[in-house]
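To keep things clear, I will list the structure first and then write my remarks on it.
2 protein chains.
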Amino acid sequence: MSRQKILLVDDEPDILEMIGFNLEREGFEVFTAPNGRKGLELARAHTPDLILLDVMMPEMDGMETCRELRDDARLKNTIIAFLTARNEDYSQIAGFDAGADDYISKPIKPRVLISRVKALLRRGVPAASEMPKRDLSGIVIDKERYVVYKEGVELSLPKKEFELLALLASQPGRVFTRENILSNVWGNDVIVGDRTIDVHIRKLREKLGDDFFKTIKGVGYKFEP
Amino acid sequence: MSRQKILLVDDEPDILEMIGFNLEREGFEVFTAPNGRKGLELARAHTPDLILLDVMMPEMDGMETCRELRDDARLKNTIIAFLTARNEDYSQIAGFDAGADDYISKPIKPRVLISRVKALLRRGVPAASEMPKRDLSGIVIDKERYVVYKEGVELSLPKKEFELLALLASQPGRVFTRENILSNVWGNDVIVGDRTIDVHIRKLREKLGDDFFKTIKGVGYKFEP
DNA sequence: CGCAAGGTTAATTGATTATTAACGCCTGCA
DNA sequence: TGCAGGCGTTAATAATCAATTAACCTTGCG
């Protein structure tokens, strides 16, 4: 197999050099671009396996670039990871449903980055996605802050509601039985009635929209973008 | 809390020892059995928290064992994970609906297995699912999502219909008697009239196409791709 | 033809979930 | 301390949808 190609897009030359150097040392073929437009060009020219995209860039930012990348059939399946400054306001990101596969916070130690990159390439899916959980639906769940963004609008849900949402959304599409839900959100030894779950589901539907939560009668609930 | 108990059932002594050793080193209380029958005994004796079940075994295979385990009230809630050889033909896996909670492919690195096991015990829900999706001539059955795709189009069937389909499709071509069907989909102690099955079959025919369900008069029904 | 086995349809029953309101229980705060 | 408000829970009721049945129809075959 030929070397795997990585495209690195960031407006800071230092970052490009530093990360690029480390990736190359690991045997990857690295392309770098200082802005979205150039990045797009290179992506189309080389169809990289992975694209690391800084979110904040002049001229054409990460979000915009990502969307355009996703519009290119040949890049549909390319893994795209956003590089974000730590503590960046996720509500900025939440609004855009650009289609990234993972978020990586800067600054990041080269070794850590390398292993994230390798994991992404190996699995095709974000490993332990560091940050906001995208759900291809304008809904972002930030466990760290106990906050949910719906189309960029911040909602702060009560604990149970949040945890229920987080559980369902952890595997969109998967049906969780009431049993599943109880043992995960409430714990194995707590006894609460079945209706309790319904009520919380209802509150979530109220706040996030009915369509996201599907009832499978006699089976359970699932979250669908 | 006392140590969590894990029952490991596999006919290969090497595997038993290897996995068993690793699980014990992690602090679990491990029981091992070389076949389904022994496994069942041990399960009843110790009510483990998790059962790892090899699918292919002489004497009493994983599927069969699983079904029997599920029939035992005290083991109703025990987590059962199947160990399957990679690339095993899932169409062979009638245990599709035998009631397994997760599928784990062998060979698997001990470290990976351990983390899967821990996740299962912690969450009671499989993390990244290797649950088989049955694909037969344009019909895909996804038990995890409780959804069926017909030529890519998503259909969500009611519980009984879904289970009936899953049963028939678990062994395409094989005839299931009405008795078979009743005991698998409805359970041994439920009494329903004869026409009930017909009606469900009819609904399936309506939704998936007449041709898939063949009636063998005086015998039963079968599913044919 | 007449029976046996299934097929069809629509109505009925039954189970499960949705909804709403109410009740404690905390927490924060004057 | 006592009040206000948010949260989690439950109970009661309504609404929804699946499951079942009953009644009748069709088909194949002796």
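Residue numbers (our numbering), protein chains in the order written: chain Y, 8 to 232; chain F, 8 to 232. A virtual CB, placed ideally from N, CA and C, is assigned to each residue, including glycine. Note that this is a predicted model, so its numbers are computed, not measured.
Given residue i as reference, the closest of the options once Cα atoms are compared
i: P114(Y); options: K229(Y), K221(Y), D17(Y), R212(Y); result: D17(Y)
i: G3(Y); options: F219(Y), E213(Y), R185(Y), R212(Y); result: A query on residue 3(Y) cannot be resolved here, the shown segment of chain Y reaching from 8 to 232 and no further.
i: I86(F); options: E75(F), G69(F), G106(F); result: G106(F)
i: L175(F); options: E161(F), I204(F), I198(F); result: I204(F)
i: K167(Y); options: I208(Y), G216(Y), E213(Y), A40(Y); result: I208(Y)
i: A88(F); options: R32(F), G69(F), E158(F); result: G69(F)
i: E66(Y); options: A40(Y), A50(Y), A52(Y); result: A40(Y)
i: R32(Y); options: E158(Y), K12(Y), P20(Y); result: K12(Y)
i: L59(F); options: N195(F), D78(F), V160(F), I22(F); result: I22(F)
i: N195(F); options: D78(F), D61(F), T222(F); result: D78(F)
i: L215(Y); options: D61(Y), E158(Y), R81(Y), V62(Y); result: E158(Y)
i: V62(F); options: A92(F), L82(F), D217(F); result: A92(F)
CB of residue i within 8 Å of CB of residue j, strictly
i: Y156(Y); j: F169(Y); result: no
i: K229(F); j: V182(F); result: yes
i: V147(Y); j: L171(Y); result: no
i: E71(Y); j: G43(Y); result: yes
i: L47(Y); j: V37(Y); result: no
i: P55(Y); j: L14(Y); result: yes
i: K150(Y); j: A173(Y); result: yes
i: L128(F); j: L57(F); result: yes
i: R10(F); j: F35(F); result: yes
i: P179(Y); j: P117(Y); result: no
i: Y110(F); j: M64(F); result: no
i: S112(Y); j: G131(F); result: no
Cβ distance (whole Å) where residue i is taken to contact residue j below 8 Å
i: I26(Y); j: L164(Y); result: Actually they do not touch by this definition, with Cβ atoms about 36 Å apart.
i: N187(Y); j: G227(Y); result: 7 Å
i: L76(Y); j: A50(Y); result: 6 Å
According to DSSP, residues forming a beta bridge with residue i
i: Y228(F); result: F183(F), T222(F)
i: V160(Y); result: K157(Y)
i: D61(Y); result: L90(Y)
i: L127(F); result: Its beta-bridge partners do not exist; DSSP assigns none.
i: E36(F); result: K12(F)
i: K167(Y); result: Bridge partners of K167(Y): none, in fact.
i: K113(F); result: A92(F)
Using a beta-carbon distance cut-off of less than 8 Å, what residues from the region 114-127 of chain Y approach chain F?
none
At a Cβ cut of 8 Å, what residues of the region 32-50 of chain F count as close to chain Y, listed as they run along the chain?
none
Contact list for the region 179-195 of chain Y against chain F, Cβ threshold 8 Å
G180, R181, V182, F183, E186, N187, S190, N191, N195
Which residues, in order along the region 152-164 of chain F, keep a beta-carbon less than 9 Å from a beta-carbon of chain Y?
R152, Y153, V154, S163
Using a Cβ cut-off of 7 Å, which residues of the region 209-224 of chain Y contact any Cβ in chain F, in chain order?
I223, K224
Interfacial residues, the region 11-33 of chain F to chain Y, with Cβ spacing under 8 Å:
Answer in chain order: no residues at all.
Taking only beta carbons into account, state which residues of the region 71-88 of chain F come closer than 9 Å to chain Y, listed in chain order.
Residues of the region 71-88 of chain F with a Cβ closer than 9 Å to any Cβ of chain Y, in chain order: N84.
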